[in-house]
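*Asks:* Take a look at the following structure, please.
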Amino acid sequence: MGMVNVSNLKKTYGNFTAVNDISFEIDKGEIFGFLGPNGAGKTSTLNMIIGLSRPTAEEITVDGIDVKSQTKKAQAIMGIVPDESNLYNEMDGFDNLCFCAALYGMRKEEREPKARQLLEQFRLKDAGKRPFKAYSKGMRRKLTIAAALIHSPQVLFLDEPTTGIDVESSRQIRDMVLELKKKGTTIFLTTHYIEEAERICDRIAFIAEGQIVASGTVPQLMESISHDHAIQFVTDKNFESLPVELEALFKGNEVTIRPDHSLVMASEQRIPLFPVMEFFHNKEVEVYEARELRPSLEDVFVKLTGIESSVLKKDKEKGGH
Ligand SMILES: Nc1ncnc2c1ncn2[C@@H]1O[C@H](COP(=O)(O)OP(=O)(O)O)[C@@H](O)[C@H]1O
Ligand SMILES: [Mg+2]
């Protein structure tokens, strides 16, 4: 049994189905990512798992605790970072953290050192005495995450943790997520950044129109589409006749010379290297490099979801979903 178990999760708003029969499991200590465009159903799914919105049909457990019937008990082991901050504008950073700690029932002598430690960890020490409303977007997001970690949760839920914030804060947040994983925290995050999902998630689910289209590790997702095999050769010289000769000799291959003078062989079948190298050798062409050209995760996403990557990259409008 996974740390988080979700089966046949469904959410409808009126007669619109936002989440349509989603099931997945997250193992303890794993970073699991939901990757999908604006409106795919990421926040709707997350809000049901954290007990903030009621599912239409479902089974959700976190560490074996049924979220629907034992919401408070389940939330006690969760850290929740919503897409919009839930902290108090008038309170300073330190007080916001202590206030959250109090909500979780932490004693005063635990609260203050933990708040100080988190401010330090998120490089917000100097901002600790400033009101939250004076924070930059990146600082706001970091303090929101710090607040979610105040009670050392076993499972952390992050809704688009790096959307719309500066590069440096984004990097700090990703590093922090990887640090938490090392300490055994289980993490569920949503994102519409392919590179982010690829870089930090152990497993990724592609989500579109309320459904999981595909899920797995990056290599598994790569394997799931059939693609051409292509090998790029970097050589000391090329002749114009090479592509024609290679195509005649190795049937089913398409050979092109790229503007950088490298030569690319593509085929539906795998390409055995030795005969090709022998061919080059006989032509007195020296090969310095031969590497397989693989599709990117972006190519896989586009192929499996039918969603153009430009749609995914379009930053969501401010506010709302
Ligand atoms: N409270 C709501 N009432 C009606 N429709 C909603 C509500 N919340 C979300 N939706 C719709 O459900 C779909 C999924 O939204 P959401 O879960 O916020 O997607 P994401 O987080 O992936 O951007 C969208 O089409 C959105 O407009
Ligand atoms: Mg969302």
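Each number in my numbering corresponds to the 1-based position in the sequence shown with 40 added.
Don't be surprised by glycine CBs; every beta carbon is placed ideally from N, CA and C.
At least one CB of chain D closer than 9 angstroms to the CB of residue 255: is that the case?
*Replies:* Within the model displayed, chain D is absent; a lone protein chain is all it includes.
*Asks:* Specify, as a first and last residue, the run of the beta strand (DSSP E) that residue 102 falls within.
*Replies:* Here the question's residue 102 lines up with position 62 in the sequence shown. 97-102 is the span of the beta strand (DSSP E), which, as asked, contains residue 102.
*Asks:* Which residues count as close to ligand 1 when the rule is a CB under 5 angstroms from any of its heavy atoms, in chain order?
*Replies:* For ligand 1, the selected residues are 53, 58, 78, 79, 80, 81, 82, 83, 84, 361.
*Asks:* CB-CB under 6 angstroms to residue 255, same chain, minus the five flanking residues each way: which ones, in chain order?
*Replies:* Here residue 255 is taken as the residue at index 215 of the sequence shown, counted from 1. So the qualifying residues of the chain are 245.
*Asks:* Tell me which same chain residues have a C-beta within less than 7 angstroms of the C-beta of residue 66, skipping the five on either side of it?
*Replies:* Translated into the one-based positions of the sequence shown, residue 66 becomes position 26. So the list reads 42, 43, 44, 72, 226, 228, once near-sequence residues are dropped.
*Asks:* Please name the residue, chosen from 161, 271, 197, 50, that lies closest to residue 115 on a Cα-to-Cα basis.
*Replies:* By 1-based counting over the sequence shown, the position of residue 115 is 75. Comparing Cα positions, the closest option is 197.
*Asks:* Taking the alpha-carbon positions, what's the residue 357 to residue 159 distance?
*Replies:* For this step, residue 357 is matched to residue 317 along the sequence shown. For this step, residue 159 is matched to residue 119 along the sequence shown. Residue placement at residue 357 is flagged as unreliable, the pLDDT there being 48, under the threshold of 50; a coordinate-derived value is accordingly withheld.
*Asks:* Threshold first: 4 residues or longer. Then list the alpha helix (DSSP H) segments lying entirely within the stretch 249-304, N to C.
*Replies:* Listed in chain order, the complete alpha helix (DSSP H) runs (minimum 4 residues) inside the stretch 249-304 are 258-263, 282-289.
*Asks:* In the DSSP assignment, find the unbroken beta strand (DSSP E) run with residue 48 in it and report its ends.
*Replies:* Position 8 of the sequence shown, counted from the first residue, corresponds to residue 48. That run of the beta strand (DSSP E) goes 44-53.
*Asks:* Grab me the residues of residue 120's own chain with a C-beta within less than 6 angstroms of its C-beta, minus the 5 sequence neighbours each way, in chain order.
*Replies:* The residue given as residue 120 occupies position 80 in the sequence shown. For residue 120, where only same-chain residues beyond five positions count, the Cβ hits under 6 angstroms are 90, 188, 197.
*Asks:* Going by the C-beta, is residue 184 closer than 8 angstroms to any heavy atom of ligand 2?
*Replies:* By one-based count along the sequence shown, residue 184 stands at place 144. Answer for residue 184: no, Cβ out of range of ligand 2.
*Asks:* At which residue ranges does the stretch 214-250 contain complete beta strand (DSSP E) runs of 3 or more residues, listed in the order of the chain?
*Replies:* Those beta strand (DSSP E) runs which fall completely within the stretch 214-250 and span 3+ residues are 226-231, 243-248.
*Asks:* Just to check, is the beta-carbon of residue 230 closer than 8 angstroms to a non-hydrogen atom of ligand 2?
*Replies:* Looking up residue 230 in the sequence shown gives position 190. Because some heavy atom of ligand 2 lies under 8 angstroms away, the Cβ of residue 230 counts as near it: yes.
*Asks:* Can you give me the Cβ contacts of residue 125 inside the same chain, cut-off strictly under 7 angstroms, excluding the 5 residues immediately before and after it?
*Replies:* By one-based count along the sequence shown, residue 125 stands at place 85. The residues are 180, 184.
*Asks:* Does the stretch 280-287 touch the stretch 248-265, meaning 3 or more C-beta pairs lie closer than 8 angstroms?
*Replies:* No, because fewer than three Cβ pairs between the stretch 248-265 and the stretch 280-287 fall closer than 8 angstroms, the two stretches do not touch.
*Asks:* Near residue 74, what residues of its chain come up, given a Cβ to Cβ distance below 6 angstroms and the 5 sequence neighbours on each side ignored?
*Replies:* If you number the sequence shown from 1, residue 74 lands on position 34. Taken in chain order, the residues that qualify are 82, 230, 245, 247.
*Asks:* Would DSSP call residue 193 helix, strand or coil?
*Replies:* Locating residue 193 in the sequence shown gives position 153, where the first residue counts as 1. Note: residue 193 maps to coil in three-state DSSP.
*Asks:* With a threshold of 16 other CB atoms inside 10 Å of the CB of residue 243, please say whether the residue is buried or exposed.
*Replies:* Residue mapping note: residue 243 aligns to position 203 of the sequence shown, counting from 1. Buried, since its Cβ has 16 or more Cβ neighbours within 10 Å.
*Asks:* Can you round the beta-carbon distance between residue 333 and residue 265 to whole angstroms, since I take them to be within the 8 angstroms contact cut?
*Replies:* As a position in the sequence shown, residue 333 is number 293, starting the count at 1. As a position in the sequence shown, residue 265 is number 225, starting the count at 1. At roughly 14 angstroms, the Cβ-Cβ gap does not stay under 8 angstroms, so residue 333 and residue 265 are not in contact.
*Asks:* Residue 360: buried (16+ other C-beta within 10 angstroms of its C-beta) or exposed?
*Replies:* Indexing the sequence shown from 1 puts residue 360 at position 320. With a pLDDT of only 40 at residue 360, under the threshold of 50, the placement of this residue in the model should not be trusted; the figure read from the coordinates follows. Residue 360 is exposed by the Cβ-count criterion.
*Asks:* Measure the Cβ-Cβ separation of residue 322 and residue 303 and say whether it is below 9 angstroms.
*Replies:* Locating residue 322 in the sequence shown gives position 282, where the first residue counts as 1. Locating residue 303 in the sequence shown gives position 263, where the first residue counts as 1. For residue 322 and residue 303, no; Cβs fall outside 9 angstroms.
*Asks:* So for residue 368, helix, strand or coil by DSSP?
*Replies:* The requested residue 368 does not occur in the structure, where the chain is confined to residues 41 to 361.
*Asks:* Please confirm whether any heavy atom of ligand 2 lies closer than 8 angstroms to the CB of residue 236.
*Replies:* Here residue 236 refers to the residue found at position 196 when the sequence shown is read from its first residue. For ligand 2, not one heavy atom lies less than 8 angstroms from the Cβ of residue 236.
*Asks:* Would you decide whether residue 218 is buried or exposed? Buried here means 16 or more other CB atoms lie within 10 Å of its CB.
*Replies:* As a working mapping, residue 218 is identified with position 178 in the sequence shown. Looking at its Cβ environment, which holds fewer than 16 other Cβ atoms inside 10 Å, residue 218 is exposed.
*Asks:* Residue 166 lies in the beta strand (DSSP E); which residues open and close that run?
*Replies:* On the sequence shown, residue 166 is found 126 positions in, with the first residue counted as 1. Careful: residue 166 lies outside any beta strand (DSSP E) and carries neither H nor E.
*Asks:* So residue 128 and residue 136 are in contact, right, with Cβ under 8 angstroms, and what is the actual spacing, rounded?
*Replies:* Numbered from its first residue, the sequence shown carries residue 128 at position 88. Numbered from its first residue, the sequence shown carries residue 136 at position 96. Rounded, the Cβ-Cβ distance is 6 angstroms, consistent with contact.
*Asks:* Give me, in chain order, the residues of the same chain whose beta-carbon lies closer than 6 angstroms to that of residue 80; leave out the 5 immediate sequence neighbours on both sides.
*Replies:* Working through the sequence shown from its first residue, we reach residue 80 at position 40. Taken in chain order, the residues that qualify are 247, 248.
*Asks:* If you compare alpha carbons, which of 199, 76, 110 is closest to residue 252?
*Replies:* On the sequence shown, residue 252 is found 212 positions in, with the first residue counted as 1. With distances taken between Cα atoms, residue 252 lies closest to 76.
*Asks:* I want to know whether the stretch 46-55 touches the stretch 205-222 - three or more CB-CB distances under 8 angstroms.
*Replies:* The stretch 46-55 vs the stretch 205-222: no contact.
*Asks:* Do residue 200 and ligand 2 come close, with the Cβ less than 8 angstroms from some heavy atom?
*Replies:* Position 160 of the sequence shown holds residue 200. Within the cutoff, so yes.
*Asks:* Anyone know if the C-beta pair for residue 88 and residue 193 falls short of 9 angstroms?
*Replies:* Position 48 of the sequence shown, counted from the first residue, corresponds to residue 88. Position 153 of the sequence shown, counted from the first residue, corresponds to residue 193. No, the pair does not count as a contact, with Cβ atoms beyond the cut-off.
*Asks:* What does residue 56 pair with, by DSSP beta-bridge criteria?
*Replies:* Walking along the sequence shown from the start, residue 56 turns up at place 16. Partner(s): 53.
*Asks:* When you compare each of 339, 308, 166, 234 to residue 203 by their alpha carbons, which one comes out closest?
*Replies:* In the sequence shown, residue 203 corresponds to position 163, counting from 1. Considering only alpha carbons, the answer is 234.
*Asks:* Mark residue 232 as exposed unless 16 or more other C-beta atoms lie within 10 angstroms of its C-beta, in which case mark it buried.
*Replies:* To locate residue 232, count along the sequence shown from 1; it is residue 192. By the 10 Å Cβ count, residue 232 comes out buried.
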